Amino acid sequence: MKPIEANLTGARAYRALLSMAFEHKTYFVVAVVGMIIFAASDAAFAYLMKPLMDDGFIDRDPTIIKLIPIAIIAIFVVRMVAIFMRSYCMDYIGRNVINSLRTMMFEKLLTLTSDEYDQSSTAAIVTRFSYDVEQVAKSVSSSLTVFVQDSLRIIVLLGYMVWLNWQLTAIFLIAGPIVFLIVVRISGRFRSISRSIQQSMGGVTQVAQEVIDANRIVKIFGGDEFERNKFHKVNKTNLKLHLKMSIAQSISMPLIQLVVAVAFAAIVAFATSESMRAVISPGDFVSFIFAMTMLLAPLRVLSSINASIQKGIAAGESVFEFTSLEDEHNEGALQLDRARGQLRFENVVLCYRRSDQRVLDEISFEVKPEQTVAIVGRSGSGKSSLVNLIPRLYEYDSGEVLLDGERIDRYRIADLRRQVAYVGQDVRLFNDTIRNNIAYGIADKVDEEQILEAAKQAHAWEFIAEMPDQLDTEVGERGVLLSGGQRQRIAIARALLKNAPILILDEATSALDTESERYIQHAMEHLMQNRTTLVIAHRLSTIEHADHILVMDQGKIVEQGTHAELLDNDGIYSKLHSMQFRDTGDTEPQPSTRPKIIRSSVLNKSLMQHWVSLSTQRRQGWWLWSLNPLSLLLMPLSLVYYFFTSLRRWGYRLRLIRSTRLPVTTVVVGNITLGGNGKTPIVVALYHFLKDKGFHPAIITRGYKSGNEKTTQILHNGLTRNEVGDEANMMSEVCHCPIGVGSNRVAAARQILEQFPDTDIILSDDGLQHYALKRDIEIAVCRYLALGNGLMLPAGPLREPRSRLKRVDLTINRDGDQIVESLGKVWNLAQPERTKHISEFMGRQVHALAGIGFPEIFFASLAQMGVDVIEHEFPDHHEFSLQDLNLKPELPILVTHKDAVKLKGIARENLWVVPLNIEFSEALSKQISELLESRHHG
Numbered sequence: 001m002k003p004i005e006a007n008l009t010g011a012r013a014y015r016a017l018l019s020m021a022f023e024h025k026t027y028f029v030v031a032v033v034g035m036i037i038f039a040a041s042d043a044a045f046a047y048l049m050k051p052l053m054d055d056g057f058i059d060r061d062p063t064i065i066k067l068i069p070i071a072i073i074a075i076f077v078v079r080m081v082a083i084f085m086r087s088y089c090m091d092y093i094g095r096n097v098i099n100s101l102r103t104m105m106f107e108k109l110l111t112l113t114s115d116e117y118d119q120s121s122t123a124a125i126v127t128r129f130s131y132d133v134e135q136v137a138k139s140v141s142s143s144l145t146v147f148v149q150d151s152l153r154i155i156v157l158l159g160y161m162v163w164l165n166w167q168l169t170a171i172f173l174i175a176g177p178i179v180f181l182i183v184v185r186i187s188g189r190f191r192s193i194s195r196s197i198q199q200s201m202g203g204v205t206q207v208a209q210e211v212i213d214a215n216r217i218v219k220i221f222g223g224d225e226f227e228r229n230k231f232h233k234v235n236k237t238n239l240k241l242h243l244k245m246s247i248a249q250s251i252s253m254p255l256i257q258l259v260v261a262v263a264f265a266a267i268v269a270f271a272t273s274e275s276m277r278a279v280i281s282p283g284d285f286v287s288f289i290f291a292m293t294m295l296l297a298p299l300r301v302l303s304s305i306n307a308s309i310q311k312g313i314a315a316g317e318s319v320f321e322f323t324s325l326e327d328e329h330n331e332g333a334l335q336l337d338r339a340r341g342q343l344r345f346e347n348v349v350l351c352y353r354r355s356d357q358r359v360l361d362e363i364s365f366e367v368k369p370e371q372t373v374a375i376v377g378r379s380g381s382g383k384s385s386l387v388n389l390i391p392r393l394y395e396y397d398s399g400e401v402l403l404d405g406e407r408i409d410r411y412r413i414a415d416l417r418r419q420v421a422y423v424g425q426d427v428r429l430f431n432d433t434i435r436n437n438i439a440y441g442i443a444d445k446v447d448e449e450q451i452l453e454a455a456k457q458a459h460a461w462e463f464i465a466e467m468p469d470q471l472d473t474e475v476g477e478r479g480v481l482l483s484g485g486q487r488q489r490i491a492i493a494r495a496l497l498k499n500a501p502i503l504i505l506d507e508a509t510s511a512l513d514t515e516s517e518r519y520i521q522h523a524m525e526h527l528m529q530n531r532t533t534l535v536i537a538h539r540l541s542t543i544e545h546a547d548h549i550l551v552m553d554q555g556k557i558v559e560q561g562t563h564a565e566l567l568d569n570d571g572i573y574s575k576l577h578s579m580q581f582r583d584t585g586d587t588e589p590q591p592s593t594r595p596k597i598i599r600s601s602v603l604n605k606s607l608m609q610h611w612v613s614l615s616t617q618r619r620q621g622w623w624l625w626s627l628n629p630l631s632l633l634l635m636p637l638s639l640v641y642y643f644f645t646s647l648r649r650w651g652y653r654l655r656l657i658r659s660t661r662l663p664v665t666t667v668v669v670g671n672i673t674l675g676g677n678g679k680t681p682i683v684v685a686l687y688h689f690l691k692d693k694g695f696h697p698a699i700i701t702r703g704y705k706s707g708n709e710k711t712t713q714i715l716h717n718g719l720t721r722n723e724v725g726d727e728a729n730m731m732s733e734v735c736h737c738p739i740g741v742g743s744n745r746v747a748a749a750r751q752i753l754e755q756f757p758d759t760d761i762i763l764s765d766d767g768l769q770h771y772a773l774k775r776d777i778e779i780a781v782c783r784y785l786a787l788g789n790g791l792m793l794p795a796g797p798l799r800e801p802r803s804r805l806k807r808v809d810l811t812i813n814r815d816g817d818q819i820v821e822s823l824g825k826v827w828n829l830a831q832p833e834r835t836k837h838i839s840e841f842m843g844r845q846v847h848a849l850a851g852i853g854f855p856e857i858f859f860a861s862l863a864q865m866g867v868d869v870i871e872h873e874f875p876d877h878h879e880f881s882l883q884d885l886n887l888k889p890e891l892p893i894l895v896t897h898k899d900a901v902k903l904k905g906i907a908r909e910n911l912w913v914v915p916l917n918i919e920f921s922e923a924l925s926k927q928i929s930e931l932l933e934s935r936h937h938g
């Protein structure tokens, strides 16, 4: 294919497209011949009308009457052949133009600079590959076909019309200049709108692709409404632009047709005038009208083809703009088989594109062959930018980077990159087999044994061997069928197999569990013996044995030396080190100690509401959340339920049914819905609030699903028993207070008061509808999302009508600002003295186990903290076994406090408990204090 001039616009862009089409001369000639035959068949068909009218209908010539049908069939047979010649040849040309353009664009993708990739969105590039190129195809094949064929039809038919009667033809041709002016006038409008449509399509594609690529983040963080609004905005813009194009097309075609209709009316009037009767026969007139009518069709099509051509020009401009983007500089001529691995940076400066702001500022250091150099620093300090200069992913602005004493830009770029193996933070796998991903780029140079050895050294074989197809297992798009740690190990195996003299590791072990990381470090130490290695690390424990460490800050090297030297300097490295290891001496043995809330670990409730709604609806029946045929069908049963619950409540109010008042203040914390409100954490927070105020509270709870609800049991001092259920055991561990467990709340409270006479407040976990126990303070915990359709059971999720919330003393909305929820300190279930902050799991992959009512909320909470969660969902109150903990790969396991009480007997060292911390706002604390002042007794 001939080279195409870069960055073409307007008519030049279209001429370039036509030149690509005309490269297929043979097919174009055959297509044009077919079009000429097709056009001639139009004139032939019009010509048949003259003898058909004059000799057939008027003179009744039998010969003509017999020949006319045969001639009509012959004409259409010829037209059929002509249509095939035209269609196939023009489609061939169009598809080949598309193939050539896409090849050009893909070649550009491979040579495009990293700066250009940074400036362009993936969706915009994909749109050019798909939508823009298809528009070019329509313009080159369909539009060109219409233009050539219908122009030929017009020429042939006009010639025939002139031959028949030039006066009538002259009247018809008066409309031509008017039509031309209309077409010229709206051409600019078509092109402008078409350009806007190209850009709009890129926006639509980008939003859709972002949702596809980040679907888990969108779901977990509740971004569906935000993404929906963003998509509606760009989609609406796209709709408006298409409607503008439709308006322009709708106006242009009727205008042209109106002009032609006026000309047609003038012809009829002139042909039927007295002066023309002797000049034109009835057959001539019918044949002329027939030819003119046939002429209207190509005129109409040509009047509308302008819009398609303008779309093609706009698309062509977009494609040629892309192909004119800057290529990587590859002027180097030096060949390089295998480098020794000596690297030297001399006063290297790298600036942001089109800016003087420096990413790297006067960087100078040297790496000797087979030496390991670590690069550390805060995020954004320029670490990744520095190592990206070595394979020339970016071009530095000044200074020199030398490999084995030669400037890297003097080497052929392919030879240079063959010297470098790279494993980054963002692992990208191809939609192919594990085998082909490990052997990427060198599949024809390695054998099965080498691939297998690389997988083993990267500790990837451990999970590959368990897969049915092993190395031939498909990994899915971007490796989605593998876990994050598995993808990371495949990438490491790929780097090991390349066996390059320079190895760059940019947080290469970030997604690995502790045990796998240790194996990888051993494998790396062995591999680093014969190669130069640059390691970017945030976890300083992984680079303590590096030969040299560079500390970067704001694009500069601020410290360098060995690990010991840098610690002695008491500089930035020493501070980073102390920040990462400051908690290693934390030996607090009491997991029940209330952790101080760190603001960065506070949960964003607006992000959690989506999951609260989704989880509640998923667990409790779809019909409970809207007025639908099923809920309406169940309404009579709801009325029956409401009648009996109201009758029972009034029985207690009128003292027809006995209820008991305790000698101490009784606070009931409950809800009016099926569940999903999280009242137990509120009870625990309320206990601590009362304890801090100097009270001696105790708790009573039903012991739901313990199997022993009919028996009353008492826990105290953190004691736990299997037979009381997980919620009671959790509260006992956290609160270390008397806990009465049983469905008979009155009996449980009385036993507590007998055994612990200093108790002055009874907290009832649940029991808002348990009117047998009188209460001094009623607190309702609710999520307004959980009120559903507002109907009573079974048509809705309500145990009592919504108006019940107005009669309680205090309503706590879990989704409001009355409470602050956070994840903070976590502890090891096997060794409770080992503690961490949840932030230490940020960016790491973990297993999350949840056998609670709404496990999605726990998983979403972890994800909001930046934890990469592998979800394991179990039924509520699930009894865990050792088998449940045999999870692959071996990663830290995070569980809720409620589940932790059931896992104590089988706890492992990698099992960490994540409690939910709740603190009351000042306003809520004040409300509770005022209630206690007015209601407390005993």
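For the sequence shown, my numbering begins at 1 and goes up steadily by one. Cβ coordinates follow ideal geometry from the N, Cα and C atoms, glycine included. In this text, all values refer to a predicted model and were calculated from it rather than measured experimentally.
Quick check on the burial criterion: 16 or more other C-beta atoms within 10 angstroms. Buried or exposed for residue i?
{"i": "P757", "result": "exposed"}
{"i": "L343", "result": "buried"}
{"i": "A923", "result": "exposed"}
{"i": "E733", "result": "buried"}
{"i": "N729", "result": "buried"}
{"i": "P62", "result": "exposed"}
{"i": "I251", "result": "exposed"}
{"i": "E466", "result": "exposed"}
When the Cα atoms are used, what is the spatial distance from residue i to residue j?
{"i": "F345", "j": "N910", "result": "43 Å"}
{"i": "V808", "j": "D765", "result": "15 Å"}
{"i": "Y642", "j": "T237", "result": "50 Å"}
{"i": "L903", "j": "Q419", "result": "50 Å"}
{"i": "A71", "j": "A16", "result": "43 Å"}
{"i": "L360", "j": "L849", "result": "44 Å"}
{"i": "E507", "j": "E919", "result": "37 Å"}
{"i": "H770", "j": "R489", "result": "56 Å"}
{"i": "G670", "j": "N229", "result": "37 Å"}
{"i": "F264", "j": "G283", "result": "18 Å"}
{"i": "S200", "j": "K240", "result": "10 Å"}
{"i": "S638", "j": "T645", "result": "10 Å"}
{"i": "M161", "j": "F288", "result": "6 Å"}
{"i": "L773", "j": "I819", "result": "27 Å"}
{"i": "G790", "j": "L633", "result": "15 Å"}
{"i": "V630", "j": "P636", "result": "Reading off the sequence shown, one finds Leu at residue 630, where the question assumed Val. Taking the straight line from one Cα to the other gives about 11 Å."}
Since residue i contacts residue j with CB under 8 Å, what's their CB separation in whole angstroms?
{"i": "I438", "j": "A454", "result": "6 Å"}
{"i": "V532", "j": "E370", "result": "The question names Val, yet the displayed sequence has Thr at residue 532. At roughly 6 Å, the Cβ-Cβ gap stays under 8 Å, so T532 and E370 are in contact."}
{"i": "T660", "j": "H937", "result": "Going by Cβ atoms, the distance from T660 to H937 rounds to 15 Å, so no, they are not a contact pair."}
{"i": "A74", "j": "G34", "result": "About 17 Å separates the two Cβ atoms, so there is no contact after all."}
{"i": "I714", "j": "P738", "result": "6 Å"}
{"i": "I777", "j": "V667", "result": "5 Å"}
{"i": "R338", "j": "P501", "result": "6 Å"}
{"i": "G703", "j": "G725", "result": "4 Å"}
Mind checking whether the beta-carbon of residue i lies closer than 7 Å to any heavy atom of the ligand GDP?
{"i": "E544", "result": "With respect to small molecules bound, the structure shown includes none, and the ligand GDP cannot be examined in it."}
State whether the stretch 739-753 contacts the stretch 778-788, with contact taken as three or more CB pairs (one from each stretch) at a distance under 8 Å.
-> The stretch 739-753 is not in contact with the stretch 778-788.
Meets three-Cβ-pair contact criterion under 8 Å: the stretch 804-821 and the stretch 899-909 | Judged by Cβ distances under 8 Å, the stretch 804-821 makes no contact with the stretch 899-909, as fewer than three pairs qualify.
Indicate whether the contact test is met: 3 or more Cβ pairs, each with one atom in the stretch 404-413 and one in the stretch 565-579, closer than 8 Å.
-> Counting Cβ pairs under 8 Å, fewer than three are found: no touch.
Segments assigned alpha helix (DSSP H), at least 4 residues, entirely inside the stretch 800-873 | You should have 855-864.
Counting Cβ pairs closer than 8 Å, one from the stretch 859-866 and one from the stretch 884-892, do we hit at least three?
-> Verdict: no, contact absent.
Along the chain, which unbroken stretches of the alpha helix (DSSP H) at least 4 residues long are found entirely within the stretch 340-410?
-> Fully enclosed alpha helix (DSSP H) runs of 4 or longer: 383-388.
Any beta strand (DSSP E) of 3 or more consecutive residues that is wholly inside the stretch 627-653 = Correct list: empty.
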